[in-house]
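A short write-up of the structure that comes next.
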Amino acid sequence: MTDFIFVDSQRCIACRTCEIACAQAHLAQGSVSKTAFSPRLNVNKLSQTSAPVMCHQCENAPCVGACPTAALTIDKHLVQANSSLCIGCKNCIVACPFGCISLEHSAPSGHTEIIKCDLCTSRQSGPACVEVCPTFALRIMRSDELTALKDKRMKETGSKAFLLHL
Amino acid sequence: MNKFIVADPHECIGCHACEVACAVAHNNDLWPQERSAFIPRIKVIFQGASSVAVTCRHCNAAPCVESCPVEALRFVNQAIQLDAQRCIGCKNCLFACPFGAIEMVPDQGRTATVAQKCDLCSHQEPASPACVANCPTQALHLLDGSALDALRHKRQRATATGKYQENAVPGLAARLLDKPARQGAIKIAAAQRKTHFQEIYQNLDAERAGNESARCLYCAQKAWCNWTCPLHNAIPDFIRLVNQGHILEAAELCHQTSSLPEICGRVCPQDRLCEGACTLKSRSGAVAIGNLERYITDTALEMGWHPTAGAAAPRTEKVAIIGAGPAGLGCADILARAGIQADVFDRHPEIGGLLTFGIPPFKLDKQLMARRREIFSAMGIRFHLNCEIGRDVHFSELMAQYDAIFLGTGTYGLLQAGLPHEDAPGVVQALPFLIASTRRVMKLEEDPRYPWVNVKGKNVVVLGGGDTAMDCLRTAIRREAASVTCAYRRDEASMPGSKKEVTNAREEGVEFLFNVQPQHIQRDRKGRVTGIGLIRTVPGEPGPDGRRRPQPVKGSEFVQPADVLIMAFGFRPHAMPWLDQYDIKLDDWGLIKTGDGGRLTTQTSQHKVFAGGDAVHGADLVVTAMAAGRQAARDILTMLEHQPGKHVARQEAL
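The listed protein sequences correspond, in order, to chains A and B.
Sequential numbering from 111 applies to the first sequence in the working numbering.
Sequential numbering from 133 applies to the second sequence in the working numbering.
In structure tokens:
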């Protein structure tokens, strides 16, 4: 199973620190500015709730299936993007049910960059958004943790089921 | 109100029949091919001695449905159904479900991982959940709105009248579980049995077999015991036939799934397999399945019955089988029943492989293999014994003459402890020691490859804690050693072999040293072994396999006197250079690779060569080797069906 970032919207205060950390973490040099700002997650501030949204690293990801050039592939831990193979067909954007993938086209070079969460695999300390969130609303959920959670719940379901009788 | 399945915990006996029924119902009524493919949608949860089955509640306002971004989860006909084709594997539902009732599983036919949950067996006509239908105590119920209303009204009436007595009647579970204690086979007393090499367990008599078979609960036709058996023997059914007195029918049934049932009944570690899975195990003791399996075939053969190849029309194809161990015999059995000529080659003078030469006679009477050789020969299988590939016959000849070849060569390479002076006189390897002893019991002449080691009056130490170590220890006892000691690096609970064998060894006078690690071999001036330097250990951190690595304790070194030191660390693959020229690929450990790249599961990288047993999966049980050999035979039949023309294979070989 892939890993993904779990969002607790109850804790989110819409401070957008995660967006800045993400954009900065994915900048090769310099620091973020109005022009150089491409976060892989977006904080949605709505009337009732707020939460950052980002790629779920789906196991059977529609974006991977829709990509004609294998610029998007699934590996053991996440959906990998290889921008050098991207032809900018935009299939992935239309395919993703979460709206969590986008393309950035730089006019002079003709280069297209796939913008999606990569779980900060190149960072030693893990995802930048998780690290900076002041309210601990973000958490990296590894596959073994998720399995353990499911098993724990099933066990609890069992202990509750002992109270039933027919 | 959605329908849902709920278990009555007072009636659940933890037999897993629901899990098995679910897994089979969702696999076209077949057993799942791999152990890892057994992912039922209902699970039995244990709490101490109690158990209860839990599954999806089909919530009316289901969090899983709400969380699904692609409408793969939907309300359909008063249930929540998953459309696996739509599932993108985002795991939202898994996280949303407060019951832990959703799982991510590999999708059949696709390489994707998708969600899986209870579908109330909606694929069946008429839709009726397999778990409910197969629960032996009727603990599982499919409830809908009206059933819930009826339950409530019944309870309200009881409340109003103050009469709750209905609940006090002991249920089906209590009546079903009311069984006498396990009897099992009579074991010859230790003092007597250690003086000879005859089998230590007596065959059941008709009365004991009747009593033991009457204890079986018949949890389900496909029960936890036959799922746990690598061959999926029809255990509940053959026990029922014994109980009805239909021995010949039981023997026929045993032979449908197994090539050597009376052998498995003797040598399988039942406490880890079928009997370990018996619902009665922690109650009045597991049904003596192994004893019954042995009883059925032994009795049927005594009655003059014998298995036949059946009425299949003879075919023109020929298959060569290398190795007459359990894998090779399993393969030959299936092929002979399909009408194919099976020629079995083995370097030993008798069939059976490690069954004959590795397993000591007190666990398995060697007459049995001779009897089996006659049965198999009568079925049309040809045996070429004392015939070694590369010495007496060349592999290339087999490649040219046969339509398919099966490699059931086992693992005869020996593992070393990595200590200096392992070649000193008095240090012997387990397998040659056992083979030499067995050859002597069988009155065969001594073979220089397996030199006879006399342990009479000597102090024997065996390093290792598996079944092979137990065999060496008990052989040394029977060969009148002065003292016999087992030195194992972990504690008793971590021993990999059968608990039954450890008990037997202890009864016969074996001393055990647990949590000790060998450090050096002590020798006298002539270089002969005089003892083994050991250090005590404590369990350390668990390794990647979950087993704790022993950590030595400083200052706890001691020397255990030993005149003969037997190394029983297990087996690894041996070299088979004759495979190289045909590009048959091995893995890094030297095991034969099968099944990659769209091949059949037992097919090697050379398309007409198949392999199975220890040579493929590493040293394991007799029963797993036999299961692999039988699977290979089925794969060979598939290959022969799909062969465009026989000459193609011949050309490739040339």
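Even for Gly, the Cβ is constructed at its ideal location relative to N, Cα and C.
Tell me the rounded alpha-carbon separation between residue i and residue j.
i	j	result
C154/B	R173/B	7 Å
H463/B	R426/B	The residue you asked about is not His; residue 463/B is Cys in the sequence shown. If you take the alpha carbons of C463/B and R426/B, they lie about 21 Å apart.
E143/B	H255/B	27 Å
L772/B	F742/B	12 Å
E482/B	E166/B	32 Å
C263/B	A185/B	10 Å
L467/B	S390/B	13 Å
D310/B	C196/B	42 Å
E214/A	E223/A	5 Å
V780/B	L530/B	Since pLDDT at V780/B reaches only 49, below the 50 mark, its modelled position is unreliable, and the value read off the structure follows with that caveat. So the two alpha carbons sit approximately 16 Å from each other.
N518/B	G540/B	16 Å
G268/A	V138/B	11 Å
K725/B	K717/B	6 Å
A282/B	A271/B	17 Å
E554/B	I653/B	8 Å
State yes or no: is the beta carbon of residue i nearer than 7 Å to at least one beta carbon in chain A?
i	result
L222/B	The amino acid occupying residue 222/B in the given sequence is Cys; Leu does not appear at that position. Yes, because at least one Cβ of chain A sits closer than 7 Å to the Cβ of C222/B.
D677/B	no
P141/B	yes
P195/B	no
T120/B	With chain B represented from 133 up to 786, any question about residue 120/B goes unanswered, as that position is not in the structure.
G277/B	no
L177/B	A small fix is needed here, since residue 177/B is Ile in this sequence, not Leu. Judged by the 7 Å Cβ criterion, I177/B is in contact with chain A.
M236/B	yes
Does residue i pass the burial test, meaning 16 or more other C-beta atoms within 10 Å, or should it be called exposed?
i	result
N647/B	buried
L274/A	exposed
P552/B	exposed
F477/B	buried
T429/B	buried
Q783/B	Note that Q783/B scores 49 on pLDDT, short of 50, meaning its location in the model is unreliable and no value can be drawn from it.
H526/B	exposed
T757/B	The residue asked about is misnamed: residue 757/B is Ala in this sequence, not Thr. Under this definition A757/B is a buried residue.
M164/A	buried
H190/B	buried
L786/B	Note that L786/B scores a pLDDT of 47, beneath 50, so its modelled location is shaky; the value from the coordinates is reported in the next line. Result: exposed.
Does the CB of residue i have a neighbour CB from chain B at under 7 Å?
i	result
F272/A	yes
N201/A	no
M111/A	yes
M264/A	yes
E255/A	no
N170/A	yes
P207/A	yes
K226/A	no
T159/A	no
H136/A	no
G268/A	yes
Measuring CB to CB, does residue i end up less than 7 Å from residue j?
i	j	result
D535/B	K588/B	no
C199/A	A181/A	no
G558/B	V661/B	yes
D603/B	G629/B	no
G744/B	A760/B	yes
Q167/A	F114/A	yes
R704/B	S688/B	no
N209/B	N134/B	no
A131/A	C210/A	no
T543/B	D746/B	yes
S615/B	N636/B	no
I513/B	I454/B	no
V399/B	K495/B	yes
I371/B	L304/B	no
R393/B	V755/B	Note on residue identity: the sequence assigns Pro, not Arg, to residue 393/B. In this structure, V755/B does not lie closer than 7 Å to P393/B by Cβ.
A211/B	L252/B	yes
C351/B	A149/B	yes
T570/B	F489/B	yes
A244/B	N201/A	no
Mind checking if residue i is an interface residue toward chain E, Cβ cutoff 7 Å exclusive?
i	result
V184/B	The question asks about chain E, but that chain is absent: this structure's protein chains are A and B.
(message) To test your reading of the DSSP string, which unbroken alpha helix (DSSP H) runs of 4 or more residues are found completely within the stretch 373-445 of chain B?
(response) Considered as a whole, the stretch 373-445 of chain B harbours 379-389, 393-399, 421-434 as its complete alpha helix (DSSP H) runs of no fewer than 4 residues, in chain order.
(request) With a floor of 4 residues, list each alpha helix (DSSP H) that falls wholly inside the stretch 573-654 of chain B, ordered by position along the chain. (result) With a minimum length of 4 residues, the continuous alpha helix (DSSP H) runs that stay inside the stretch 573-654 of chain B are 599-610, 631-639.
(request) Just list the alpha helix (DSSP H) runs in the stretch 140-215 of chain B, keeping only unbroken ones of 4 residues or longer that don't cross its boundaries, in chain order. (result) The DSSP assignment places complete alpha helix (DSSP H) segments of no fewer than 4 residues inside the stretch 140-215 of chain B at 149-157, 195-199, in order along the chain.
(request) Would you list, in sequence order, the uninterrupted beta strand (DSSP E) runs of no fewer than 3 residues that lie entirely inside the stretch 148-197 of chain A? (result) Entirely contained in the stretch 148-197 of chain A, the beta strand (DSSP E) runs reaching 3 residues are, in chain order, 152-155, 160-163, 182-184, 189-191.
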